[in-house]
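Chemist: In full-length UniProt numbering, the protein residues as written are 1 to 355. We put the CB at the ideal spot given by N, CA and C, even for glycine. Computed from a predicted model, the values in this text were never measured in an experiment.
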Ligand SMILES: NC(=O)C1=CN([C@@H]2O[C@H](COP(=O)(O)OP(=O)(O)OC[C@H]3O[C@@H](n4cnc5c(N)ncnc54)[C@H](O)[C@@H]3O)[C@@H](O)[C@H]2O)C=CC1
Ligand SMILES: O=C(O)C(=O)Cc1ccc(O)cc1
């Protein structure tokens with residue numbers, strides 16, 4: 001029976017453990033983390049056994065490290081000191097890849113250990129073992145720094161789409177689409193708060209747009225500090241080009257360049273509409289939003305209409321509009337379900353529905 005050791009049982013390690021179990025119920029999953037985290041992981045049957053220390057890695061066939069970046073580097077150094085099995089496969093989930101791959105090459109190249117970098121391109125602003133979710137990576141991309149059939153097989157229960165990307169390219173691309181957006185989200189929140197000192201209404205009037213733009217500002221600060229520090233050149237360069245973009249926009253506004261401004265918004269709109277994220281490939285669910293009036297039993301009525309659907313998540317987002325109580329967000333596994341649910345709710349109710 002294969003023994004898998006997962007080091008770090010937080011959001012990502014916990015979710016991967018659940019995904020491995022789904023496809024390989026007979027694999028033995030060992031987990032290493034702080035004792036209190038291990039206790040929760042055992043209680044929630046995320047892992048089969050708690051590893052008492054890192055030496056348990058010596059019995060593992062596959063080791064998956066799902067730790068913050070600095071701790072990942074430190075753990076690689078510790079693993080290199082152990083008597084690991086011959087041909088053991090080690091992988092990680094770190095949000096940047098160059099520094100990890102470089103260190104793994106230095107440590108393991110002369111041994112028979114196989115190291116393949118990994119990065120699931122889905123997650124959440126939540127962290128910790130309690131946020132672990134078997135559906136987290138469904139339909140999301142999962143970057144591998146090189147092809148490895150055994151790793152693909154291990155992770156097949158996640159329902160992710162594997163893609164091979166070299167570490168340098170990975171850090172450049174994620175610098176743009178993942179790391180830089182976090183810089184922007186937190187900057188926007190801080191800018192608004194500074195303005196709120198003289199304009200306190202700022203705190204009340206932020207609506208859906210502000211919420212959508214800033215959700216990720218609630219992400220874990222230690223993790224994001226580590227990410228920025230491990231991809232500095234790319235992120236600084238992205239900040240600089242963004243400044244230029246904002247400057248060009250200021251010039252258009254000052255010049256009352258109506259055509260230029262409309263072109264700016266039209267281009268942004270059309271590019272976004274054609275992006276994969278719009279088609280549900282990166283957020284891992286197909287989401288439907290229903291504006292629910294402030295009436296009793298409304299949520300139950302909608303859910304009753306969707307009885308035969310496989311729903312992966314339901315939540316109610318607060319709404320600042322006066323005429324609605326909130327937005328019911330229902331996540332489906334497939335686009336077909338999303339479209340069918342859309343039709344059913346539209347036909348049966350007069351609620352505003354959007355996908
Ligand atoms: N949160 C996200 O959305 C995503 C995160 N990642 C990457 O995955 C990795 C893990 O992230 P999360 O699961 O979100 O973090 P998390 O904070 O939810 O989990 C990290 C776990 O590691 C444990 N830990 C920390 N240092 C340790 C050490 N020295 N020894 C043993 N356990 C230790 C913590 O107790 C915690 O349970 C990070 O490298 C992150 O960059 C990748 C994709 C998405
Ligand atoms: O909260 C979100 O939408 C994210 O951006 C999740 C995320 C966080 C870190 C990663 O390395 C990859 C994905």
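Name the one or two DSSP bridge partners that residue 430 has.
Modeler: Not covered by the structure: residue 430. The range shown for the chain is 1 to 355.
Chemist: Between the Cα of residue 287 and those of 353, 348, 246, spot the shortest distance and give me the residue it belongs to.
Modeler: Of the residues 353, 348, 246, the one whose Cα lies closest to the Cα of residue 287 is 353.
Chemist: Are residue 29 and residue 4 close, meaning C-beta to C-beta below 7 angstroms?
Modeler: yes
Chemist: Mind checking whether residue 113 and residue 129 have CB atoms under 7 angstroms apart?
Modeler: no
Chemist: Please tell me whether residue 80 and residue 12 are closer than 7 angstroms, where the distance is taken between their beta carbons.
Modeler: no
Chemist: Since residue 251 sits in a beta bridge, which residues does DSSP pair it with?
Modeler: Per DSSP, none; premise fails for residue 251.
Chemist: With DSSP collapsed to three states, give me the class of residue 113.
Modeler: coil
Chemist: I'd like to know whether the C-beta atoms of residue 15 and residue 196 end up nearer to each other than 7 angstroms.
Modeler: no
Chemist: Rounded to a whole number of angstroms, what is the C-alpha to C-alpha distance between residue 115 and residue 6?
Modeler: 15 angstroms
Chemist: For residue 193 and residue 203, I'd like the C-alpha separation in whole angstroms.
Modeler: 8 angstroms
Chemist: What whole-angstrom Cβ distance do residue 96 and residue 231 have, given they're in contact under 8 angstroms?
Modeler: 5 angstroms
Chemist: Per DSSP, what kind of secondary structure is residue 353 in: helix, strand or coil?
Modeler: strand
Chemist: Is it true that the CB of residue 119 sits closer than 7 angstroms to the CB of residue 219?
Modeler: Contact flag unset, no.
Chemist: If we count the other Cβ atoms within 10 Å of its Cβ and call it buried at 16 or more, is residue 238 buried or exposed?
Modeler: buried
Chemist: Work out the CA separation of residue 45 and residue 322 for me, nearest whole Å.
Modeler: Confidence at residue 322 is low in this model, with a pLDDT of 49, below 50, so the placement of that residue should be treated as unreliable; the coordinate-derived value is given next. Using only the alpha carbons, I get a separation of about 43 angstroms.
Chemist: Taking buried to mean at least 16 other C-beta atoms within 10 Å of its own C-beta, is residue 102 buried or exposed?
Modeler: exposed
Chemist: Take every Cβ of the region 145-154, pair it with every Cβ of the region 32-41, and state whether three or more of those distances are shorter than 8 angstroms.
Modeler: Cβ pair count under 8 angstroms is below three, so no.
Chemist: Could you give the residue range of the beta strand (DSSP E) that holds residue 65?
Modeler: 62-65
Chemist: Excluding the 5 residues preceding and the 5 following residue 362 in the sequence, name in chain order all residues of the same chain whose CB lies nearer than 7 angstroms to its CB.
Modeler: Given a span of 1 to 355 for the chain in the structure shown, any question on residue 362 remains unanswerable.
Chemist: Out of curiosity, what's the CA-to-CA distance linking residue 55 and residue 85?
Modeler: 12 angstroms
Chemist: Mind reading off the beta-carbon distance from residue 23 to residue 156? Whole number of angstroms is fine, and I expect it under 8 angstroms.
Modeler: 5 angstroms
Chemist: With a threshold of 6 angstroms, establish whether the CB of residue 127 neighbours any heavy atom of ligand 2.
Modeler: no
Chemist: Just tell me which of 151, 317, 217 has its CA closest to the CA of residue 93.
Modeler: 151
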